[in-house]
Amino acid sequence: MKSLDDGVCDLIYIDPPFVTQRKRTHRASGAKYDDRWSGGLKQFLAFLHPRLSECHRLLSERGTLYVHLDWRAAHYVRVLLDTIFGERNFLNEVIWHYRTGGLSTKWFARKHDTILVYAKKAGSHSFQVQREGTFRTDGLNYDEDGRPYKNTKKGRLYFNAAGPALSDVWDMPFLSTVSLERVDWPTQKPVALLERIIRSSSREGDLIADFFCGSGTTLVAAMGLGRRAIGCDIESRAVAITRERLKKICATRPVFSSAPRTNRPHKLPSESSARR
Ligand SMILES: C[S@@+](CC[C@H](N)C(=O)[O-])C[C@H]1O[C@@H](n2cnc3c(N)ncnc32)[C@H](O)[C@@H]1O
23 MKSLDDGVCD LIYIDPPFVT QRKRTHRASG AKYDDRWSGG LKQFLAFLHP
73 RLSECHRLLS ERGTLYVHLD WRAAHYVRVL LDTIFGERNF LNEVIWHYRT
123 GGLSTKWFAR KHDTILVYAK KAGSHSFQVQ REGTFRTDGL NYDEDGRPYK
173 NTKKGRLYFN AAGPALSDVW DMPFLSTVSL ERVDWPTQKP VALLERIIRS
223 SSREGDLIAD FFCGSGTTLV AAMGLGRRAI GCDIESRAVA ITRERLKKIC
273 ATRPVFSSAP RTNRPHKLPS ESSARR
């Protein structure tokens, strides 16, 4: 992050550790992901703070940051982000709801992640409304062409043919254990989730960054949508998986050749340089 110039990223998505205090091992590959913090949340927040400040520095004037967390740290990180970005630049607290995983008999099943969204400068930020699903049309009138409408004082109100605008609650399945999209990384997120974020907050050719890229989902989604992408991860296995996934995308799609502006000559990350 330090090697990049101010304002080079148009969209940053990070999915850092969640402070689960667990070490996970991928069943098939044995890939390990250690999310244990001896100093608990305090240590985690001290780790994340300077990285969030770097994200702020790296975003362009129309840039947006998405920080993916869960119930363990989201409320503390929101306070950090308010101090770094300013409360006025808060855009959303997106709830990603899914159904996979176990149930509890002691409390309501915890079935959502929280994605905090901040603009570098609210009002100047890129945003495209996304539409999905269908409107409720029961009890409505239908016109001569069979299109549903509501009667209002101003006349007929028709619904947008593309469907309702997305709200901040996203119902989207988690990757199943047998999904064809699965690679050997324990905390892999669905490409569909990242595509939604990238479509909402960037344009073709924009530079998308993920500094905790894991299996490279953000980079895969970004390049598939005609954006440029950069990422890093502290685990060499994650970098290797990301490289493999990107090679497949590069083989099937045109790829932007321009590298981001950096303070130093730009080198493709080797597995060793990707480790701190
Ligand atoms: C929740 S996972 C990200 C998963 C990713 N979104 C995906 O779809 O595969 C968090 C990642 O952060 C990485 N990580 C932990 N500490 C890091 C650090 N200091 N710098 C860079 N990456 C780090 C871990 O190796 C892990 O891959």
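Using this note's numbering, read the sequence shown as starting at 23 and increasing by one per residue. Where is the CB? At the ideal position from N, CA and C, for every residue including glycine. Small disclaimer: the values here were computed from a predicted structure and weren't measured.
Open item on the list: Please state whether the Cβ-Cβ distance between residue 187 and residue 220 is less than 8 angstroms.
Closed with: Counted from its first residue, the sequence shown places residue 187 at position 165. Counted from its first residue, the sequence shown places residue 220 at position 198. No, these two residues do not count as a Cβ contact at 8 angstroms.
TODO: Mind listing, in chain order, the continuous beta strand (DSSP E) runs of no fewer than 3 residues lying wholly within the stretch 71–133?
DONE: 81–91 and 112–119
Open item on the list: For residue 130, which residues in the same chain have their Cβ closer than 7 angstroms to its Cβ, ignoring the five residues on either side in sequence?
Closed with: In the sequence shown, counting from the first residue as 1, residue 130 sits at position 108. Here the set comprises nothing.
Open item on the list: What does the alpha-carbon distance come out to for the pair residue 178 and residue 159?
Closed with: Position 156 of the sequence shown, counted from the first residue, corresponds to residue 178. Position 137 of the sequence shown, counted from the first residue, corresponds to residue 159. Here the alpha carbons of residue 159 and residue 178 stand approximately 14 angstroms from one another.
- [ ] Tell whether a beta-carbon distance below 8 angstroms holds between residue 12 and residue 230.
- [x] For residue 12 there is no data in the structure shown, the boundaries of the chain being 23 and 298.
Open item on the list: I want to know whether the stretch 81–88 touches the stretch 136–143 - three or more CB-CB distances under 8 angstroms.
Closed with: Yes: the two stretches touch, three or more of their Cβ pairs being nearer than 8 angstroms.
- [ ] Rounded to whole angstroms, what's the CA-CA distance from residue 206 to residue 222? Just pull it up for me.
- [x] Start at 1 with the first residue of the sequence shown, and residue 206 comes out as number 184. Start at 1 with the first residue of the sequence shown, and residue 222 comes out as number 200. Looking at the two C-alpha atoms, the distance is approximately 28 angstroms.
TODO: Identify every residue that forms a DSSP beta bridge with residue 31.
DONE: As a working note, residue 31 is residue 9 in the sequence shown. According to DSSP, residue 31 bridges with 81.
Task: Straight-line gap, residue 57 to residue 133 (C-alpha atoms, nearest Å) - done: Indexing the sequence shown from 1 puts residue 57 at position 35. Indexing the sequence shown from 1 puts residue 133 at position 111. So the alpha carbons of these two residues sit roughly 19 angstroms apart.
TODO: My understanding is that residue 79 touches residue 37, with C-beta atoms under 8 angstroms, so please give their C-beta distance in whole angstroms.
DONE: One-based indexing of the sequence shown puts residue 79 at position 57. One-based indexing of the sequence shown puts residue 37 at position 15. 20 angstroms between Cβ atoms; not a contact.
TODO: Measure the alpha-carbon distance for residue 239 versus residue 166 and round it to whole angstroms.
DONE: By one-based count along the sequence shown, residue 239 stands at place 217. By one-based count along the sequence shown, residue 166 stands at place 144. The alpha-carbon atoms of residue 239 and residue 166 are separated by roughly 46 angstroms.
Open item on the list: Strictly by DSSP, which residues pair up with residue 45?
Closed with: Counting from 1 along the sequence shown, the entry for residue 45 is found at position 23. Answer is 56, bridged to residue 45.
TODO: Could you check what DSSP says for residue 267 in three-state terms: helix, strand or coil?
DONE: Taking the sequence shown and counting its residues from 1, the one referred to as residue 267 is at position 245. Here residue 267 sits in helix by DSSP.
Task: Own chain residues within Cβ distance below 7 angstroms of residue 204, not counting five before or after - done: Within the sequence shown, the letter at position 182 stands for residue 204. Closer than 7 angstroms at Cβ, skipping near neighbours: 197 and 210.
Task: Nearest-angstrom beta carbon gap, residue 191 and residue 137 [assumed within contact, 8 angstroms] - done: As a first step, residue 137 must be located in the sequence shown, where it is residue number 115. As a first step, residue 191 must be located in the sequence shown, where it is residue number 169. About 11 angstroms; that fails the 8 angstroms criterion.
- [ ] Name the two residues that bound the continuous beta strand (DSSP E) containing residue 251.
- [x] Walking along the sequence shown from the start, residue 251 turns up at place 229. Where residue 251 is concerned, the enclosing beta strand (DSSP E) stretches over 250–253.
Open item on the list: Is residue 195 close to ligand 1? I mean its beta-carbon at under 7 angstroms from any heavy atom of the ligand.
Closed with: Residue numbering aside, residue 195 sits at position 173 when the sequence shown is read from its first letter. No, ligand 1 has no heavy atom inside 7 angstroms of this Cβ.
Open item on the list: Could you check whether residue 224 and residue 249 sit closer than 8 angstroms to each other, using their CB atoms as the reference points?
Closed with: Mapped onto the sequence shown, residue 249 falls at position 227. Mapped onto the sequence shown, residue 224 falls at position 202. In this structure, residue 224 lies closer than 8 angstroms to residue 249 by Cβ.
Task: Inter-residue spacing [alpha-carbon to alpha-carbon] between residue 245 and residue 72 - done: For this step, residue 245 is matched to residue 223 along the sequence shown. For this step, residue 72 is matched to residue 50 along the sequence shown. Whole-angstrom Cα-Cα distance: 28 angstroms.
Open item on the list: Could you tell me which whole beta strand (DSSP E) segments of length 3 or greater appear in the stretch 197–226?
Closed with: none
Task: Collapsed DSSP secondary structure at residue 231 in the structure displayed - done: By 1-based counting over the sequence shown, the position of residue 231 is 209. The three-state secondary structure of residue 231, taken from DSSP, is strand.
- [ ] Indicate the three-state DSSP secondary structure (helix, strand or coil) for residue 288 in the structure shown.
- [x] Mapped onto the sequence shown, residue 288 falls at position 266. Any reading at residue 288 must be qualified, since the residue scores a pLDDT of 42, below 50, and its modelled position is unreliable; no value is offered.
Task: Local Cβ density within 10 Å of residue 261, reported as buried at 16 or more and exposed below that - done: For the purposes of this step, residue 261 is taken as the residue at position 239 of the sequence shown. Buried, by the Cβ-count rule.
Task: Range of the contiguous alpha helix (DSSP H) that encloses residue 242 - done: Within the sequence shown, residue 242 is the residue found at index 220, counting from 1. Segment 239–246, the alpha helix (DSSP H) holding residue 242.
TODO: Give every residue of the same chain whose Cβ lies closer than 7 angstroms to the Cβ of residue 96, excluding the five residues on either side of it in the sequence, and list them in chain order.
DONE: Here residue 96 refers to the residue found at position 74 when the sequence shown is read from its first residue. Contacts found: 136 and 138.
TODO: Let me know the secondary structure DSSP gives residue 178 once reduced to three states.
DONE: Here residue 178 refers to the residue found at position 156 when the sequence shown is read from its first residue. Strand.
Open item on the list: Is it buried or exposed, residue 124, if we count other Cβ atoms within 10 angstroms and call 16 or more buried?
Closed with: Within the sequence shown, the letter at position 102 stands for residue 124. Result: exposed.
Open item on the list: Quick check on the burial criterion: 16 or more other C-beta atoms within 10 angstroms. Buried or exposed for residue 294?
Closed with: In the sequence shown, counting from the first residue as 1, residue 294 sits at position 272. The predicted model places residue 294 with a pLDDT of 36, which falls under 50 and marks its position as unreliable; any figure quoted below should be read in that light. Around the C-beta of residue 294, fewer than 16 other C-beta atoms lie within 10 Å, and the residue is accordingly described as exposed.
Open item on the list: Could you pull the DSSP bridge partners for residue 135 from this structure?
Closed with: One-based indexing of the sequence shown puts residue 135 at position 113. DSSP, once it has assigned bridges, lists 118 as partnering residue 135.
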